[in-house]
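The sequence shown maps to residues 1 to 76 in UniProt numbering. Cβ coordinates follow ideal geometry from the N, Cα and C atoms, glycine included. Remember, predicted model here, so these are calculated numbers, not experimental data.
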Amino acid sequence: MSALTLRLSDQKHQRLKALAKSKGVSVNYLLDEITTLILAEFDLKTQFEVRAQRGQGKAGRGQELLAKAKAFSDEC
Numbered sequence: 001m002s003a004l005t006l007r008l009s010d011q012k013h014q015r016l017k018a019l020a021k022s023k024g025v026s027v028n029y030l031l032d033e034i035t036t037l038i039l040a041e042f043d044l045k046t047q048f049e050v051r052a053q054r055g056q057g058k059a060g061r062g063q064e065l066l067a068k069a070k071a072f073s074d075e076c
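What follows is the structure in C-alpha cells.
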C-alpha cells in the first residue's frame, strides 16, 4: 500500500470531511472509493475504445446480427 500527499484548499478539505462524516466513513476511505470509481470509468472507456477500434469497418455485419436477433426475439 502506498501513501499519497494531496494538497487541497481548506474549503474543499472541510467539505470532504463533512461528506465522509455524513457517510460514516473516513476521508481516506472516501477518497479510496472515489479513485476506485474513477479508475473503473477509465477502464470501461479504454475497453470501449479498443472494441470500437476492432469493430471499425464491421458495422454492416453488426447490423445483420442485430436484425437476426430481433427476428429471433419476435418469433418467441
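How about residue i and residue j: do their beta carbons lie closer than 8 Å?
i, j, result
"L19", "L30", "yes"
CB-CB under 7 Å to residue i, same chain, minus the five flanking residues each way: which ones, in chain order?
i, result
"Q56", "none"
When you measure from the CB of residue i to every non-hydrogen atom of the ligand GDP, does any distance come out below 7 Å?
i, result
"K23", "Only the bare structure without any ligand can be found here, which leaves the ligand GDP out of the picture."
Going by C-alpha distance, which of the options is nearest residue i?
i, options, result
"V27", "L65, E49 and L6", "L6"
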